[in-house]
Amino acid sequence: MDTAERTSQSDAASPLVHPLLQNGLARNSANEILQNGSRFRMVALRQDGPDSGAEETASMAGMVLDDAIAICKRRSSSITIPPVMTVIRQSTIFTDDVKERINRERPTIREFLASSYGLLFQLTLVLMVIAAYALSPNLVGWSMPQIEDLDHPGKTKQGQNYFAPAVLAFSAAVNFLICAILLVATGGCKELQLALSPSKHLAWIVPAFGYGVSDSFEVLSMSAGGVDATTYILLSQGKLVLTALVLLVFFGREQSQVGWCMILGISSSMIGYSLDSAAAAAGAGAAGEGGSEGAGGHPARGFKWAGILCIGVKVILSVTCGCIVDQKMKTLKAPFLRQMVFIRSFGYGAAALLVLWAQVGLVLSDAERASLDWSFGGLAVVFEGPDGPWTWKTVVLGVWYCMKDLAVFFLLKRLDVIVKNIADALSLFAAYFLAVAVFKSRQASAICLIWVAVVALQVLAFSLDKLNHPLPGPASLPPSVVSRSAKEAGTPKAGLAGPSSFRSGSGKKQGGAVSGLGSIQEQRDGEALPQTSDAEAGTLILGPSKR
Numbered sequence: 001m002d003t004a005e006r007t008s009q010s011d012a013a014s015p016l017v018h019p020l021l022q023n024g025l026a027r028n029s030a031n032e033i034l035q036n037g038s039r040f041r042m043v044a045l046r047q048d049g050p051d052s053g054a055e056e057t058a059s060m061a062g063m064v065l066d067d068a069i070a071i072c073k074r075r076s077s078s079i080t081i082p083p084v085m086t087v088i089r090q091s092t093i094f095t096d097d098v099k100e101r102i103n104r105e106r107p108t109i110r111e112f113l114a115s116s117y118g119l120l121f122q123l124t125l126v127l128m129v130i131a132a133y134a135l136s137p138n139l140v141g142w143s144m145p146q147i148e149d150l151d152h153p154g155k156t157k158q159g160q161n162y163f164a165p166a167v168l169a170f171s172a173a174v175n176f177l178i179c180a181i182l183l184v185a186t187g188g189c190k191e192l193q194l195a196l197s198p199s200k201h202l203a204w205i206v207p208a209f210g211y212g213v214s215d216s217f218e219v220l221s222m223s224a225g226g227v228d229a230t231t232y233i234l235l236s237q238g239k240l241v242l243t244a245l246v247l248l249v250f251f252g253r254e255q256s257q258v259g260w261c262m263i264l265g266i267s268s269s270m271i272g273y274s275l276d277s278a279a280a281a282a283g284a285g286a287a288g289e290g291g292s293e294g295a296g297g298h299p300a301r302g303f304k305w306a307g308i309l310c311i312g313v314k315v316i317l318s319v320t321c322g323c324i325v326d327q328k329m330k331t332l333k334a335p336f337l338r339q340m341v342f343i344r345s346f347g348y349g350a351a352a353l354l355v356l357w358a359q360v361g362l363v364l365s366d367a368e369r370a371s372l373d374w375s376f377g378g379l380a381v382v383f384e385g386p387d388g389p390w391t392w393k394t395v396v397l398g399v400w401y402c403m404k405d406l407a408v409f410f411l412l413k414r415l416d417v418i419v420k421n422i423a424d425a426l427s428l429f430a431a432y433f434l435a436v437a438v439f440k441s442r443q444a445s446a447i448c449l450i451w452v453a454v455v456a457l458q459v460l461a462f463s464l465d466k467l468n469h470p471l472p473g474p475a476s477l478p479p480s481v482v483s484r485s486a487k488e489a490g491t492p493k494a495g496l497a498g499p500s501s502f503r504s505g506s507g508k509k510q511g512g513a514v515s516g517l518g519s520i521q522e523q524r525d526g527e528a529l530p531q532t533s534d535a536e537a538g539t540l541i542l543g544p545s546k547r
């Protein structure tokens, strides 16, 4: 037996290689490896579905496939891709399950996304998400009127002609009306009846109620708490910090060392910005400047720690509800419009009305309550505030929150988490630009811009770090997938190696190979296999693992 034959048999018998790939390795056939590896991956996704660990299974198959290709490259084997293997060649902004569905079922969309117009379309979607993040806090300040400041004659201040929870209750009613019309138009009255099922609403009542309270505190922080749009978006980045802590405490999922440094930097920057804002407001107030800008370009008037507290409540509830919704979507399947009725209509509106009752009954003074219009059984209070009734701007704000949630929820379910975090970071710059150049709600300031840049770059670095250090996946493939795949191939049952069998260039164990972003190296007998790029492997893109 010559050396080449012994090498082939040794590689094929390795426990790191799935049985579907062993025959190709034994015969030194790269094409057979590619065909079987792709078939294994597609079978896993088709039979298990996108919500049962199949994405992690597919990533594992990709790891073994990359490894097998590297072995054949070491033997100087030629590699060609059959036409049936054509998939999305460029990286996209979408999640793995969306990319897999497009590859299997939508060849026209697949080709479009690979074109220049497709890249422009994806860029437009990202810009829409950035605009949605940046516009909401700016529209809150824009919707409130300027009234005379009695404490500083000749100056004006921002008035409150609405209660924030009342606007969100109105937004919930608009959301239900829009979803009901679309449900009847697309599926008839039966779809609407399913959306009104009491049992389904009870199943979603916790996240719906939580989102209602969360959004109420978001608008309260700016309308009554004295927080401007830039400050709100900057401090809301605390959700990254809280999410990392939740993943660590409840799920045992560690961040990389660089990731923890970024989280510490984001936290420190938010604290520094808050203290700087408070000092600027206090200094301007002591100087008797009233409504003028304080040091660093921060609004001197109205900076209150109550607004910071409202943002804290908003961040905590948002992260908590996000985790609950993520778990429920894996078990309670429903079309998008029905989900929006469950999450964004009745429970959401009830929570907003409860916060309204607490604000009017517990926060306002007796004199302020007496000045309100209590006609129509107190219903008129919903459509006014301490400084007057609603205007057309208030209606625009309520409709905007409804349309923004419909669009953003629809997009965010389909966008990769890295893309969402990057959009969130860039929205800091967009919000500051809108506040200075469009809404004129603050003056341009180099100090404030530096604070914005520091936090945005840290959030961006934290997001990009996940590309190189993805969170670990499962230790091994689901046995059912391995069993079915081995049976189809006519080979004995065997398991794929888990993440611990592969090592990145840094020597740390990583799970979920990311083809196109850095191939996996295998260390066997002291020899590192050559890394295989997408072009070298026939541009077979397996897509990043789920993070």
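For the sequence shown, counting from 1, position 169 maps to 169 in full-length UniProt numbering; every step adds exactly one. Here a beta-carbon is modelled for each residue, glycine too, at the ideal position from N, C-alpha and C.
DSSP lists Gln146 as the beta-bridge partner residues of Gln158. Between the region 327-336 and the region 188-204, the count of C-beta pairs closer than 8 Å reaches three or more; the two stretches touch. A residue is called buried when at least 16 other Cβ atoms come within 10 angstroms of its Cβ; Leu379 does not meet this threshold and is exposed. Scanning its chain for C-beta atoms nearer than 6 Å, with the 5 sequence neighbours on each side dropped, one finds around Ala132 the residues Lys404, Val408, in chain order.
Between Ser216 and Ala164, the alpha-carbon positions lie close to 6 Å from each other. If you look at Ala407, you'll find it in the alpha helix (DSSP H) that goes 392-412. Sequence-distant partners of Leu242 (beyond 5 residues in either direction) whose C-beta falls short of 8 Å from its own C-beta, in its chain, are Val315, Ile316, Val319. Residue pairing from DSSP places Phe94 in a beta bridge opposite Leu415.
The Cβ atoms of Ser221 and Val227 lie closer than 7 Å to each other.
Within the DSSP secondary-structure output, Gly385 pairs in a beta bridge with Gly388.
For Asp373 against Val381, the beta-carbon gap comes to about 7 Å, under 8 Å, which counts as contact. Around the CB of Tyr162, 16 or more other CB atoms lie within 10 Å, so the residue is classed as buried. Counting along the chain, the unbroken alpha helix (DSSP H) around Gly210 starts and ends at 205-223. DSSP, read as helix, strand or coil, puts His201 in helix. If you check the CB distance, Ala169 and Gly347 do not come in under 7 Å. For Leu309, the enclosing alpha helix (DSSP H) covers residues 305-331.
Taking C-alpha positions only, Arg338 is separated from Lys239 by approximately 27 Å.
In the three-state scheme derived from DSSP, where H, G and I count as helix and E and B as strand, Glu191 is classed as helix. A direct Cα-Cα distance of roughly 21 Å separates Val396 from Ala350. Residues of the same chain with a CB within less than 6 Å of the CB of Ile102, apart from the 5 flanking positions on each side, are Ile109, Arg110 in chain order.
A contact is defined here as three or more CB-CB pairs under 8 Å, and the region 454-461 meets this definition with respect to the region 415-426. Considered as a whole, the region 422-468 harbours 446-468 as its complete alpha helix (DSSP H) runs of no fewer than 4 residues, in chain order.
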